[in-house]
Structure formats: C-alpha cells, structure tokens
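I have placed the structure first, in the form of structure tokens, so that the comments after it can refer back to it.
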Amino acid sequence: MASMAQAIRMALRYGEEHLRVTDIFGEDVGPPLGGAFTVTQGLTTAWNSPLDERGIVGMATGIGLAGKRCVAEVQFCDYIFNTIDLLKLAGNASWTSNGEFNVPIVIMTPVGSGIHGSIYHSHSFDAWAARIPGWKVVMPSTPLDAYGLMLSAIEDPNPVMYLIPKALMRARGTERIPGEPESDKELRAMIDQPVDPKAIKEWKPRWPKLQHYTVEIGKAKHVQEGSTATVVSYGRQMPIVEEIARRLQAEQGISYDVFDLRTIYPYDWEAIKASVEKTGRVIFVNEDTEIANFGEHLLRRTCDELFYSLKVRPRMLGGKQIPGVGICPTLEDVSVPQANHIEKEMVELATEPA
Amino acid sequence: MASMAQAIRMALRYGEEHLRVTDIFGEDVGPPLGGAFTVTQGLTTAWNSPLDERGIVGMATGIGLAGKRCVAEVQFCDYIFNTIDLLKLAGNASWTSNGEFNVPIVIMTPVGSGIHGSIYHSHSFDAWAARIPGWKVVMPSTPLDAYGLMLSAIEDPNPVMYLIPKALMRARGTERIPGEPESDKELRAMIDQPVDPKAIKEWKPRWPKLQHYTVEIGKAKHVQEGSTATVVSYGRQMPIVEEIARRLQAEQGISYDVFDLRTIYPYDWEAIKASVEKTGRVIFVNEDTEIANFGEHLLRRTCDELFYSLKVRPRMLGGKQIPGVGICPTLEDVSVPQANHIEKEMVELATEPA
Amino acid sequence: MASKKLTNEKLREIHSLMVEARVLEERLIRMNKAGEGYFWIGGPGEEAFAVPLGMLMRKGEGIQYDFLHSHYRGSPTILAMGGKSIDTIRQMRAVSTDPYSGGRNFVNHYAIKKWNVVPVFSVIEAQYLQSIGTAHAQREKGCKGITIVTGGDAGTAEGDFASALVWSSRPAGTLPLLMIVTNNEYGISTPWAGQHGEKHVADRGKAFGIKTNVINGNDVWESWEALEEAMDYVRTERKPYLLEARVSRLYGHSSASGAPRWNEEDCLDVFEEKLAKQKVMAKDEMKAVHEKMTTKITEAYKQVQQEPFPDPTTIYDHVWAEKDGDKGKDEFARQIGIDFTLDPPPPAHH
Amino acid sequence: MASKKLTNEKLREIHSLMVEARVLEERLIRMNKAGEGYFWIGGPGEEAFAVPLGMLMRKGEGIQYDFLHSHYRGSPTILAMGGKSIDTIRQMRAVSTDPYSGGRNFVNHYAIKKWNVVPVFSVIEAQYLQSIGTAHAQREKGCKGITIVTGGDAGTAEGDFASALVWSSRPAGTLPLLMIVTNNEYGISTPWAGQHGEKHVADRGKAFGIKTNVINGNDVWESWEALEEAMDYVRTERKPYLLEARVSRLYGHSSASGAPRWNEEDCLDVFEEKLAKQKVMAKDEMKAVHEKMTTKITEAYKQVQQEPFPDPTTIYDHVWAEKDGDKGKDEFARQIGIDFTLDPPPPAHH
Ligand SMILES: Cc1ncc(C[n+]2csc(CCOP(=O)(O)OP(=O)(O)O)c2C)c(N)n1
Ligand SMILES: Cc1ncc(C[n+]2csc(CCOP(=O)(O)OP(=O)(O)O)c2C)c(N)n1
Ligand SMILES: [Mg+2]
Ligand SMILES: [Mg+2]
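As you go down the protein sequences, you meet chains X, D, F and P in turn.
Using our numbering, you'd call the opening residue of the first sequence number 1 and step up by one each time.
Using our numbering, you'd call the opening residue of the second sequence number 355 and step up by one each time.
Using our numbering, you'd call the opening residue of the third sequence number 709 and step up by one each time.
Using our numbering, you'd call the opening residue of the fourth sequence number 1059 and step up by one each time.
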C-alpha cells in the first residue's frame, strides 16, 4: 500500500495531468529535493520558491485570482504564522467582492507532533485554520483519504487548507488507491526518487494509471459502528483512537461509535449529531493547544443542540496550553495526548455512570 | 470622568514617568497625531514607526530582550495578523530559553466592531490572543480599569496583550481615576491635544498628579451580584450586558451574577466557578467569531468541572463565522451580537425550566 | 515636458476624467461629513497619474489582459477604465446595489472581474504579494497581459514590498510586473522624511537589476510617457519595472483626519493652466466640463439615496464560490449558534 | 590577504577554537546518526568567519555590551565567546542539564543572558526583526554596545530582512546594528542562483545608504579584518552595516538531508595550510590540537550520556518570568483539562 506521502504525490500528479493544476510550489518543493517529505518528487509542475512564506501564500492567491489552479506548500505549518493576514484575504476575497472573484487554491502543510520535532516542527494548525472564514479545511489520516481529499481540494473553487499529519507521512493504509500497483516495492521503484544525488538528475518517475477518486469535503468517515460512546477525531490521533476502540471492544466489550472527521470546516455535523443522539456520550480528540481549540467548538455545539441528550459530561482532549512541544520525549509525551491518555479518557467516557 | 482614551493616555504617562517605560511607539503614535484614537498624545517617549507591523512587534520584542520596557501599538488589531509568528516568539522566549530571558513588553491594539469599521476596522483578537501561550491578555471595559490594567501590564515582567474595545474609546466611566481632576472640561484642557495643526506644535500637556493604581491581572470584576444566572463578558459587550442585567432585575426581577472578566489569560476561573456552582446557569458573551472562540473554551471548562452543577445548557454568544463585518449597519447588526440578541439569550438562560 | 504623443482629443478625454474623478471624490467627502457613509478614503490629488494609468491598461478579463492590484486611491484609474461614478457612490452609501462589495466594504475598494481589477484590500502592501501571482500566471508563453500593482510610499516599509522585488526578479522566472509607488510623502500623519533612509523608493529596485524610474506624477504628460514606457517594457521584456510617482494628497489621509483641503500642488489646476496655455481647451470649456460632471454626480448621488440597504441575510452570501445559483451562501455557518438575521435589531442609526 | 593585526598567539587561539567547533559538530552529527538526539543542524564550514566574530564581540550583559541574534549555525561563535562544548552536547542529547533550553529545543539554539546572546529561534529571519529592538535600546546616549545579527542567504527573501534595512537606516534614528549574511549559496536544497536577482545580498543595503561589504568568509584574516572594521564603524557611528560573508556548508543543510560531507572548500584546511606556510604552527602541533579536542569532546559526550532527561513536569516551567523562585511555572495551564504529567506514557523510545 502507498504511504501518505506517496498518495499525495500521486494525487498531485493526477491534478497536474487532469485537473488543470499549473503550479505546485514552495520551499524545496521542486527538484532536486521534491519536498521535505518527498511529497512533490517527480512532478512536472513542481518548482522551488524563494524562502518566503508570505510570498508563497501571496503567489498562490494571485494565481487563484487569475483563475488558475495551484497547490502551494508551506514547508511546516510552524512557519505559516506570519501569513494569517494573507490567508484571511484569500478566504475573504469572494465575500468582500460580493462574489466577483473566487480563489481556487490549495495550500498544504505538514502539522503536528510525533517526529521529535521540537518547538518548531510540532505545531498544529487545525484550530487556527478553523478561525479563518472562507477556507475549507481538511486533514486526512489515511493514504486513500489523502488522495481523495487532495483531488477534491484541487477541484473545489474555494481555497482549501490541506493539513498533513506529519507523523503519518510514511504510514501505509489498508486500502489501495485506484490505479496503485499491487506491490509496494513496485510502487517505490516507479515513483520514489532515488537518494543518490547523481541518479536524481537522470530520474523520471513512471506514474501508475491514476484514477479519479474523491473524498467529499464535509463528510466524516464512520470508522467504527458502536452504541456506547462517540469518539470524534482526525489526523494523527485517528489511528490511535481506532486501535484503542478496537481493542477495548475486544477486551472489555465497549462499543464505540468512531468518526474520522476528515474535514474541519465545514465539518460533518449531521454525523456527529446522529451519533451523540444515539450514545449520549462524546469525546473530541486532537492535539492542538486546548484553549480556543476546535474540539471546544464541537463541544459547544454539542451543548447547543444536544445537551439534553447527554448522559455524561462531554469531553475534549487536546494539547496542553504551553509555548511549545519540547524535543525530549519525556516532555513531548506529556505535552500532547498519547495513547495512554486517550485510552483513559475513552474508558472513563464509556463507563462513567449516567 | 475621563474617557478610556484619556485613561490609557494617563496610564502611559504614569508609565514613562514612574515605571521605566522608555518607548511608546507605532504607526502615527508620536506627534503630530498622537495615535489614531488620541491615546498617545503629549507623551514624552512616543514616536512614529515605519508602516510595518512586523517591525513594530520585532522592535518591541528586542527592546524587551534588552531589558527595557516599552508599549507598542498596532494601529488596529485587523493589521496584527501578519505578526502571529512574532507574537508567538515573544511569548515563548522565556520558555524556549528555559528562563534565561523574559520579554517585559506591552502591545496594545484597538479591537472589535461598533464604529462602522467595515471589514478591516472591526476584527476581534481575544480568541486569537488566547491561543498564544506565554502572553497575558487583558481587555478593559471602563476607563478606570483601563488605567489600572495598563499599569499592571507595564509592571508585568511578561508580554502583555492589551486589547482596547474601540467602540468604548470615548465612553466615560463612573469612577474617577486617582489624580484625575473633577471636571471633564478641565481634564480635556490639560491633556487633549488641540485639533488645529498649528496649535499642536506649541502644545504641551499639563498632566494631573497621577497615582499608582493597578488592577490585578487575572482578577475578574464582580459587576453585579445575583443568584439566578451567571453572565461572563468583557470589552464592548460588557456595558451592554450590565445595562440589560440591571434592567431585567428592575423589570422582571431576574437576578444576574455578572462578571467583567478583564483578563482573558490567565482568566479568573475561581470567580466563574464559584458563581456557576451557585447559579447552575451560565452564558459567555463576546463578539469574536464563534468557531474556536475563547467563550467556547470557558464553556468547555465549565463542562469539565461543573457539568453536574448545571441546571440548563451552558451558552456562548459570539460573532458569526463569516469573513468580515460589513460596513452597512443592516449587516453589522446581524454579524456580531447586539443588545437585543444578548438580552434574548440572557432571558432564556434565566427562565429555561431546569 | 509636453509630449507630442497626446492628441488634443486625448487631452480633453483626460481632462474630463480628471474632473469627474475630482468631483466624485469631493462628493464622497461631503457625503461622509453629512453622515451618509461612514468612512472616506480616496484619490483626489493623484488624477494626473491615475487617469493615464487607467487609459493605458489593456482592459479585459483573463491573463491576456492586464491585472490591476490597486490601493484605495484608485478611483481615477477605475473611472478611466470605464467604471461608473454612481457605483462608487453606491459603495460609499453601502447600498445593496454596490457592485464592488454589496454594501460591505469601505469606498474605493473595487473588484471588477471583467476588467481584471482584483479586490482592493485595506491591508496595506498585501497587494504587492498577490500581484506576483497574477504576474506569474501571465508567464505563459505568448501571453500579452501584464500585472500592475499600486501602493503608497509609507507602505513600502512592509516587508511585502521587498518580497515583490525578490520574486519578480528571480532568475528562474522574472515576472511581467509593473510595481507603482505613489509617493505623497506621508503615511497618515507620519512624514516620509523621518522613516525612510532611501532617497527614492525606486532605488530599492536597483540591487535586483529591476528597471526603475521616478517621475512627477502631478504632470499628465510626464505620467503618460513614463507609464507607456514602463508598460511597453514589461509587456515585451516580461520583466519587472518599478515606477515611483511623486503625487499630492489633497484632502489629507482620509475622513479619520477630517479630510480638510491641504495646501499642496493640485495636478488638475496645473493641467488646466497648461491646457489653456497650449490652447487645447479654453477656460470656458473647462468650466463646462466641471458643471457637467457636477450635475452628473449630483444626479447619481440622488439616485443612490433612493436605493435600499442590503438585506441582513446577505451576510452569508458569497462566502463560497457560487454553485448552481446558490450565491455561494454559507448555510452551514448560519446554522451554528444563533442566527442574528432572524432577529435584526431596530434600525436606529441608518 | 594576511593581516598583520593577528599575532601568532591569536592565530593559535583561533585555530584551537575552529578545531574544537569542528570536532564538536562532527560529534553532534555522529550522535544524531546513532539516534542520540533527534535532529542536527549546525555550523561546520563557517568557522573561519564565526570564530573571529565571537572573539571580537564586546561580551557582557546589558546594553553596554554587544547583543547577538544568531541563526542556528552559531556554534563556533559561541565557543569563541567562551561557551562550553559540553553544553551544546547537552542540548543535542536533550538532557535536563541543557542550559540553553532544558532539553526542549534543537541543538545550536543558544540563549545566554550573561553574554547578551538572545534566544536562537528556528523561525528564519525573525531574528533580524528582533535585532532592531536591542539595537534601538542601545541608542541611549553614550552607549558603547552594538547589536549583531546573523542569518543565511536564502532567508533574506523573507520581508523581515528588508524590514531590518528600513528600520536601521531611519533618519529619525539610525541603529547601531551589524547585519551579517553568511552566504553558502543554498537554502536547504535550493540553489541561490535561481532565486536571487541581486548579485550580492549586500547590494540591497545601498539604496538605504547603509555601508556594505562582501568578503570571503572562508579566510580567517579577511573575516577578522572585515568584522573589526564593521564593528568599529557601527560602534562609533551608531549606524547600520551590512556584511556578506561567502562561506561553505560542509555537511549539507541538516540531519534531514542526511548530513553527508560535501565537496566544498574547507576553511579549516585552508587555514591550517596557511598557518603551516607562514610557520605559525607546525603540522604536528595542529594534529595535537585535533587530538586534544577529540578527547575533550569525547569525554564530554560520555559525561552527558550519564545525565538525566528532563522531568515531565518541567513543561510548565518558565512559561512566565520567575517570581520568588517559582521557576515561572504556569500552574494555571496545568489545571486546565487533563494534566498528562500525572500519567506519563512508558518511556518506549528514549
Ligand atoms: C497593514 C496595514 N497597516 C496599517 C494600516 C492603516 N493605514 C491605512 S492607510 C495608512 C498609511 C498609508 O500610507 P502610504 O502607504 O504612504 O499610502 P497613502 O495613504 O499615503 O497613499 C495606514 C497606516 C493598514 N490599512 N494596513
Ligand atoms: C520561516 C521559516 N521558513 C522555513 C524554515 C525551514 N528552513 C530551515 S533552514 C531553511 C533554509 C535556510 O537557508 P539560508 O537562509 O540560506 O541559511 P543556511 O541554512 O543555508 O545557513 C529552511 C527553509 C524555517 N526554519 N523558518
Ligand atoms: Mg503616502
Ligand atoms: Mg544558505
């Protein structure tokens, strides 16, 4: 199975071949590196930008205003924080102009902890992005969703923020991407750039026959059916939640209704609502800092509309409100929620007397 | 009574005279204008910066790192969004350096709607600021608090974000600032710069004998005692909430426990907690956009710690999640909560059957 | 510095547009003072430069035509392109018929898709960053269109101005970008002199090998020629050009400073004197133009007073690109929390 | 370009520091490859320039001394100032004894209050913006201290570099600021040539009237002289100076690119050859220095391996400035939601 990095690479290839993408750019996005995480290797329209995130976001916005489609990368979301004004502009161009212009662009950026990234390779961006109206915000947790969401993001006539959980960049999924060859080795040989600098120059990817496969923006994935408690997560915490839910079902017979939100805005409220009406128990899990966290929004909306269906207090699990994630694992492990913390909360949620 | 603009001006004067403030700066902060809202008129250490918010925040951070004290202004918080990375750095300098350095600075900026400011003079910044660890964040709603919070902000050895509700800039309070003369006219004659450009050159302020008066950062103001329902707000919505609470008490005998939070981080949880334990009903009111809103955090914490004390669903009232506040009042009035919306929610909160 | 290129007919056209722009702006200022519009900012004093700019642009939609990323002093340019005064008055009054923002934005914040006038944003200097994107889109082979961006002198202190210099002169792909700075020697109340160590803003282009020019933007002929030269260069060379035009600011910064008339050189006076001297137009003729425009603008103003304010529920329109005639409404946002449009407050202050 | 100013004693001191810095960095790279530290980035290849920089600084605390806003390649400068190799190894290993960040930050991210070394941040070019602030604080009358800021070539594309030029050359108050760009012709994988239209970064200072210089930073003598001249100028004139040093990047960008040895001019080889030729040091002597440093660093490395990782609860320390010995703990943050430090996961991967 393809890794998430390979999946996004193939989606971008599909984009430049079939969806009119003219530019894929950012710092070290073009040759010889093809992206800090190999995501843009071998692409025809990939090019290196100056080291200037404001320029990157401005460039993307302008390309969109000119009616062309591009995918721009901010190398790490940790370095996107000087562009919030520009993201706001891209998000409000349609609204301020009363619909004269739209900005059909994608900005992708790796987010989150889990690679010992220290203070400046561990930031999250989901809550921040949710605060910028006019953007759609997506975040895959599997390679197949990564592929499908990227195609949807490119096709969407609005700006789409595409967040990549960097700790899952190399993780392989369980579902094959349409067109992907059977063997991982074969796929690597076809689309992974060689490591040797000399070999890179000669190298040309051989792309599989990729197909049009999309994941609708705004639709959560019902990862596991259950009746006792609802768990809503996305990104890096998603596979952790899934594993715990599966295990607790097997070991303790607790039945979790598990959702991978996939889209942060506009999120799949119908799915959450139906589930919480059924279970009366809910937890929202992510790793962004916990004050004015996006999970707090979901919890508030739960109180707005489902308060009297709740059997126990609704929960939100996020990262601690501290200035950064320290590089030493003893620090990182207590700064953002780890499997043991998530499990404990999930158990409490399901077993707290109503 | 002094207006809020005059109160802050006097506080800054006290700061440069008694609290070692060496620099008060920003766009149009120095002569001849003395600030877009007259806040910095007549100050000895006020100077005009280049038109560069990143430079302003960087300059302030550097002054703080050098151990000096300054107050920098971003002319409107609408133009602070290209500096979030720098604000994060100022906020994490102490933490990343494990305590080697601290950054004792104040950044002040006008926020919010209410002056027909259209898309770019109506932004809020409270939820955003709450997402930047290492900062203390304050927001006065009266001139006296504005004075006391500014002195505390200057004295604090940490970076303090001082948010000024611009719609209240000219509002007068009911409590006199220590040292302030009895007559408003007298105060104006002493510290308001003349409007005539020629007169400005000659003009020198006559400062009243100002006194050391502080409002502790982290302490809410218990604006009105009550037993039925808790209302927590700050900034521009505060006087609106107060007026409604007073009126509803008189007209309908509803007894509200009303708090002016004043500090957004670290907020006065003890006060909120004690009140909600008493009333079992709570609403958090502000005007920032409602997704990942700071009020949602307070609501989440309420669910964390007080869920089983709640008699009815907890509420949060914020601005709509749209790309801006339109200039036409027909638009502004339905984009951020107005008195009628706040009143309706407050009544529902208090009267919903438990 | 009278150019021979400008025929008398063209000069009359320029004069008419300059007068219309001036009368329009003065009406906007009066409206603001009368409380019929909450904020004024605009272009009086920049007409001699800004009208030729609008006339010289290759006007149309798409990358084969010129893109304009304008600051908020662009009314003369928009009129010269063919924009209607009444539409600017509509934006000032924030009525629903405002074609540029539907009653949402400050006046002189244009957005005209069919002429590649991208939205004017209040955020100083961000337009320079966005301009590199439309210019990049115009690097397509055989493309004739160029991108033009305008901004003030003080704003060049933002790093974004430097970014435009860096990106437009990249050896890996130079951009067909005409960067214009209108230097009125002020940023609101702050004089240029204390804040800028460079003699001319334009000098900053030189290190990047960018062609530059500094001109008197109060002179119609000089402006016309400089713009023609710069546009030709950018259009044929597909390389950047940095043009600094020294201009006046005739009514101060904006309504925030009261918009009083300043004692600076008035490019319209200068132009009219030269037209008279060169016998292109008689004083009487000019007066007639002023009267005609005054009547036109007064009528437009009166009409706009009859037009309705936007419906509250329009706040959700065009959050998204339109799809199947849905006006890009964000119904999702509406359903979160309380929908204030169900309960708009009484119109106390309209 | 051998200067007479450098005595043999000084040259030996420089040599010793350069060797120590090099051996240190090579140890850090090995540690990273062995999984004893998660990320490496540092300064091998910049020693000929960076060691003189550290030696020439006016070292101390407060505005009378020089401030250093360094990028992440500053290890030779810090050693030259008197920093201990073992402390850098501690930061690499992220142990609790790391004096610069308590096990939080990437290696070579210094912060030394007593020598005015402000925190090194990973955010490229932000240091140029912060440097204007310490420089401004040094505008105080009679102040002798200056501010020095360092960064790479690619980073100058950020608007922040331009902001430093603008702010430091303001006529209303020029700044005693020495801006240094170490140009290794790369930003990670991206060659300088495609992204920069300017011939020299330093040329960008000229429009602002800023004094500039471009030097071969691989040469100790040239670096020493250029730095001395630049520092003298800034210190006495209280004006900015922009110095570009061409340097090598000997182990690629960072551990992210595998940190292989690159085939670029090695300033240490160059220096040693010249020292031998000039008979300042014999090859044997130099070898002894290498051996001594290798031993020193190996011992330090071994000691650090014995040192503990930081306690989980320290994540709340120093959020705030310390008060009454409270370590600036943010107890408030701890009490929100769940305190993970009560339940740290098993140390699977330390
Ligand atoms: C990023 C940003 N900062 C501040 C402002 C507030 N502001 C509006 S106009 C202006 C001055 C602009 O001066 P200049 O660039 O010289 O243009 P001019 O108005 O003189 O034409 C300022 C500071 C803004 N709109 N955007
Ligand atoms: C604002 C920001 N953007 C991106 C990065 C990721 N990054 C780290 S180093 C680097 C290249 C820096 O190149 P240069 O400025 O030439 O310095 P050098 O590493 O070559 O010394 C990049 C892009 C970052 N740290 N900060
Ligand atoms: Mg100006
Ligand atoms: Mg470099």
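Where is the CB? At the ideal position from N, CA and C, for every residue including glycine.
In this text, all values refer to a predicted model and were calculated from it rather than measured experimentally.
* DSSP on D/P497, reduced to helix/strand/coil? -> Here the question's residue 497 of chain D lines up with position 143 in the second sequence. Residue state, collapsed to three classes: helix.
* Asked: Interface residues of chain D around P/T1000 at Cβ under 7 Å?
  -> Past the edges of chain P, shown from 1059 to 1408, lies residue 1000 of chain P, and the structure says nothing about it.
* Mind pulling the chain X residues with CB within less than 8 Å of D/H651? -> Along the second sequence, one-based indexing puts residue 651 of chain D at 297. Neighbourhood of D/H651 in chain X, by CB distance below 8 Å: E290, I291, A292, N293 and E296, in chain order.
* Asked: In this structure, does DSSP put D/L397 in helix, strand or coil?
  -> Position 43 of the second sequence holds residue 397 of chain D. Three-state DSSP puts D/L397 in coil, outside helix and strand.
* Asked: So, does the CB of P/P1370 fall closer than 7 Å to a CB anywhere in chain D?
  -> Along the fourth sequence, one-based indexing puts residue 1370 of chain P at 312. It does not: the Cβ of P/P1370 has no partner Cβ on chain D nearer than 7 Å.
* Go through the stretch 874 to 956 of chain F residue by residue and report every complete run of the beta strand (DSSP E) that reaches 3 residues or more, in order. => The stretch 874 to 956 of chain F contains these whole beta strand (DSSP E) runs: 885 to 891, 919 to 924 and 949 to 954.
* Asked: Which class does X/T22 belong to by DSSP, given the choice of helix, strand or coil?
  -> By 1-based counting over the first sequence, the position of residue 22 of chain X is 22. Correct three-state label for X/T22: strand.
* Could you have a look at F/D1038 and say whether DSSP puts it in helix, strand or coil? => Working through the third sequence from its first residue, we reach residue 1038 of chain F at position 330. In the structure shown, F/D1038 sits in coil (DSSP, three-state: anything other than H, G, I, E or B).
* Enumerate, from N- to C-terminal direction, the unbroken alpha helix (DSSP H) stretches of 4 or more residues contained entirely within the stretch 1302 to 1336 of chain P. => 1325 to 1335
* Asked: Of all the residues that make up the stretch 659 to 689 of chain D, which are near chain A by a beta-carbon distance shorter than 8 Å?
  -> Absent from the structure: chain A. Protein chains present are X, D, F and P.
* **Length of the line joining the Cα atoms of P/V1224 and P/G1263** => On the fourth sequence, position 166 is the one that residue 1224 of chain P refers to. On the fourth sequence, position 205 is the one that residue 1263 of chain P refers to. If you take the alpha carbons of P/V1224 and P/G1263, they lie about 9 Å apart.
* Rounded to a whole number of angstroms, what is the C-alpha to C-alpha distance between F/H844 and X/I63? -> In the third sequence, the residue the question calls residue 844 of chain F occupies position 136. In the first sequence, the residue the question calls residue 63 of chain X occupies position 63. When the Cα atoms are used, F/H844 and X/I63 turn out to be separated by approximately 7 Å.
* chain F within 7 Å of X/T263, Cβ atoms only -> Numbered from 1 along the first sequence, position 263 holds the residue referred to as residue 263 of chain X. Not closer than 7 Å to any Cβ of chain F, the Cβ of X/T263 fails to qualify, so no.
* Asked: What do you get for P/N1276, buried or exposed, if any count of 16 or more other CB atoms within 10 angstroms of its CB means buried?
  -> In the fourth sequence, counting from the first residue as 1, residue 1276 of chain P sits at position 218. Under the 10 Å beta carbon count, P/N1276 is surrounded by 16 or more other beta carbons and is classified as buried.
* To do: Could you tell me which chain D residues have their CB closer than 7 Å to the CB of X/I220, listed as they occur along the chain?
  => Along the first sequence, read from residue 1 onward, the residue named residue 220 of chain X stands at position 220. Inspection of the sequence shows that residue 220 of chain X is occupied by Ala rather than by Ile. Within chain D, no residue comes near X/A220; the closest Cβ sits about 17 Å away, beyond 7 Å.
* Asked: DSSP three-state call for D/V701: helix, strand or coil?
  -> On the second sequence, residue 701 of chain D is found 347 positions in, with the first residue counted as 1. Correct three-state label for D/V701: helix.
* To do: Leaving out five residues on either side along the sequence, give the residues of the same chain with a beta carbon under 8 Å from the beta carbon of F/A990.
  => Within the third sequence, the letter at position 282 stands for residue 990 of chain F. Closer than 8 Å at Cβ, skipping near neighbours: A984.
* To do: Going by CA-CA distance only, name the one from P/G1310, P/T1155 and P/Y1299 that's closest to P/I1144.
  => Numbered from its first residue, the fourth sequence carries residue 1144 of chain P at position 86. When each option's Cα is compared against that of P/I1144, the closest is P/T1155.
* Taking the C-alpha atoms as reference points, what is the distance between F/L851 and P/P1249? -> Taking the first residue of the third sequence as position 1, residue 851 of chain F is located at position 143. Taking the first residue of the fourth sequence as position 1, residue 1249 of chain P is located at position 191. The question names Leu, yet the displayed sequence has Cys at residue 851 of chain F. Straight-line Cα distance between these residues: approximately 28 Å.
* Asked: Using a beta-carbon distance below 7 Å, is P/G1209 in contact with chain F?
  -> Locating residue 1209 of chain P in the fourth sequence gives position 151, counting from the first residue. At a cut-off of 7 Å between C-beta atoms, P/G1209 does not count as an interface residue with respect to chain F.
* Under a criterion of Cβ closer than 6 Å to any non-hydrogen atom of ligand 4, which residues qualify, in chain order? -> P/G1210, P/D1211, P/A1212, P/N1242, P/Y1244 and P/G1245
* To do: Look at the alpha carbon of D/L703 and the alpha carbon of P/G1386, and state the distance between them as a whole number of angstroms.
  => Within the second sequence, residue 703 of chain D is the residue found at index 349, counting from 1. Within the fourth sequence, residue 1386 of chain P is the residue found at index 328, counting from 1. The straight-line gap from Cα to Cα measures roughly 39 Å.
* Would you say the beta carbon of X/Q75 comes nearer than 6 Å to a heavy atom of ligand 2? -> Working through the first sequence from its first residue, we reach residue 75 of chain X at position 75. For ligand 2, at least one heavy atom lies less than 6 Å from the Cβ of X/Q75.
* Neighbouring residues, chain X, relative to P/A1215 (Cβ below 9 Å) -> Along the fourth sequence, read from residue 1 onward, the residue named residue 1215 of chain P stands at position 157. The answer, in chain order, is S49, P50, L51, D52 and G55.
* Pick from F/I820, F/P1016 and F/E866 that is closest to X/G99, judged by C-alpha positions -> As a working mapping, residue 99 of chain X is identified with position 99 in the first sequence. For X/G99, the nearest C-alpha among the options comes from F/I820.
* **Presumed contact (8 Å Cβ cut-off) between X/L298 and X/V232, rounded CB distance** => By 1-based counting over the first sequence, the position of residue 298 of chain X is 298. By 1-based counting over the first sequence, the position of residue 232 of chain X is 232. Indeed they touch by this definition, with Cβ atoms about 7 Å apart.
* Asked: Short check: CB of X/L168 to CB of X/A220, under 7 Å?
  -> Here residue 168 of chain X refers to the residue found at position 168 when the first sequence is read from its first residue. Here residue 220 of chain X refers to the residue found at position 220 when the first sequence is read from its first residue. No; because the gap between Cβ atoms is not below 7 Å, this pair is not in contact.
* To do: Just mark X/Q6 as buried or exposed, buried being the case when its beta carbon has 16 or more other beta carbons within 10 Å.
  => Translated into the one-based positions of the first sequence, residue 6 of chain X becomes position 6. Buried.
* Segment contact flag, the stretch 433 to 450 of chain D with the stretch 410 to 424 of chain D, C-beta cutoff 8 Å, min 3 pairs -> yes
* Express the C-alpha separation of X/C77 and X/V111 in angstroms, rounding to a whole number. => In the first sequence, residue 111 of chain X corresponds to position 111, counting from 1. In the first sequence, residue 77 of chain X corresponds to position 77, counting from 1. Taking the straight line joining both Cα atoms gives about 6 Å.
* Got a sec: is the Cβ-Cβ distance from D/S448 to anything in chain P below 7 Å? -> Within the second sequence, residue 448 of chain D is the residue found at index 94, counting from 1. For D/S448, a Cβ of chain P is located within less than 7 Å of the residue's own Cβ.
* Identify, in the order they occur along the chain, each residue of the same chain with its Cβ nearer than 8 Å to the Cβ of X/Q321, setting aside the five sequence neighbours on each side. => Locating residue 321 of chain X in the first sequence gives position 321, where the first residue counts as 1. Same-chain partners within the cutoff: T289, E290 and I291.
* To do: Within 10 angstroms of the Cβ of F/G790, are there 16 or more other Cβ atoms? Answer buried if so, exposed if not.
  => Mapped onto the third sequence, residue 790 of chain F falls at position 82. Flag for F/G790 reads exposed.
* Asked: Whole-angstrom Cβ separation of D/M364 and D/R526, contact assumed at under 8 Å?
  -> As a first step, residue 364 of chain D is located in the second sequence; it is residue number 10 there, counting from the start. As a first step, residue 526 of chain D is located in the second sequence; it is residue number 172 there, counting from the start. Actually they do not touch by this definition, with Cβ atoms about 14 Å apart.
* By the criterion of Cβ-Cβ separation under 8 Å, what are the contact partners of F/V831 in chain X? -> The sequence position of residue 831 of chain F within the third sequence is 123, counting from 1. What F/V831 touches in chain X: D85 and L89.
* **X/M161, enclosing alpha helix (DSSP H) - first and last residue** => Residue mapping note: residue 161 of chain X aligns to position 161 of the first sequence, counting from 1. No alpha helix (DSSP H) contains X/M161, which is instead part of the beta strand (DSSP E) from V160 to P165.
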